[in-house]
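For reference, the structure is listed below as structure tokens.
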Amino acid sequence: MTAVPAHSRPIRIHGLSDADAACAVATDLGAPLLLVSAPGAAASAGAGWFREVVASATARHPSVAMTAVLDCADRPGDALGALSAGIGAILFTGRADVAGRLADIAVQRGSRLLTALPLALDLRGVRDPRRACRDWLSGQVDGHVTE
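Structural data, given as structure tokens:
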């Protein structure tokens with residue numbers, strides 16, 4: 001299992017507009033970015049959706065040093081599906097023994113498996129996502145935060 005990336009002020013996204021807002025602010029600040037899907041998004045939106053959102057955000061903001069993590073909750077099938085779909089980093093919060101096996105598979109595929117994240121800024125329902133991202137990435141906590 002892999003440790004949380006050094007730039008660990010994660011931002012939870014719920015679509016391309018959230019990813020764009022976070023990337024635009026990271027570009028302005030010259031800050032690295034840790035994007036995380038909505039909780040359990042591997043089951044609800046799917047790995048393909050997440051891959052395309054990240055690809056679009058990366059294409060629009062190529063200078064951002066971004067790590068993108070798909071939240072697979074405690075569902076090993078979704079985690080395997082995400083790894084098979086080429087997702088580079090996944091979050092799995094299930095049993096430790098299962099996480100260990102998934103981590104081995106992730107390494108074989110050139111991916112990373114995380115089992116926890118620090119507090120994250122969740123952009124769901126935020127009226128001004130750019131301002132919330134700027135405050136969050138600048139070290140100010142303004143907006144709603146989730147664990």
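Counted the way the UniProt record's numbering counts, the sequence shown spans residues 1 to 147.
Glycine included, C-beta positions come from ideal geometry on N, C-alpha and C.
Bear in mind the structure is a predicted one, so any value in this text is a computation, not a measurement.
Cβ separation of residue i and residue j, assumed to be a contact under 8 Å, to the nearest whole Å
i, j, result
"D74", "G94", "4 Å"
"V98", "P76", "5 Å"
"C133", "I11", "6 Å"
Proximity below 8 Å, CB of residue i to CB of residue j
i, j, result
"D18", "L123", "yes"
"L117", "V53", "no"
"R109", "L83", "yes"
"A42", "P129", "no"
Backbone secondary structure at residue i - three-state DSSP
i, result
"T58", "helix"
"A45", "coil"
"L102", "helix"
"T27", "helix"
"S17", "helix"
"A68", "strand"
"D78", "helix"
"L113", "strand"
"S8", "coil"
"E147", "Residue placement at E147 is poorly supported in this model, since its pLDDT is 45, which falls under 50; the coordinates still yield a value, given next. It is coil, neither helix nor strand."
"L91", "strand"
Spatial neighbours of residue i in its chain, beta-carbon cut-off 7 Å, leaving aside the 5 residues before and after
i, result
"G48", "A85"
"R9", "L34, W136 and L137"
"P113", "With the sequence shown as reference, residue 113 is identified as Leu, and Pro is not the correct amino acid for it. Correct list, in chain order: M1, T2, I90, F92, A99, L102, A103 and A106."
"G143", "Only weak support exists for where G143 lies, its pLDDT of 49 falling under 50; the value from the coordinates is given anyway. Result list for G143: L121, V126, A132, D135 and W136, in chain order."
Residue i versus the options, residue with shortest Cα-Cα distance
i, options, result
"I87", "T67, D20, D104 and A96", "T67"
"G46", "R127, P62, V69 and G30", "V69"
"G81", "S44, A31 and Q140", "S44"
Same chain, Cβ closer than 6 Å to residue i, five either side skipped, listed in chain order
i, result
"P39", "D71"
"V64", "C23, A26, T27 and L33"
"L29", "L137"
"A78", "Rather than Ala, the amino acid found at residue 78 in this sequence is Asp. These residues qualify, in order along the chain: A42, A43 and C72."
Residues near residue i in its chain [Cβ-Cβ closer than 8 Å; skip 5 each side]
i, result
"L16", "V53, S56 and A57"
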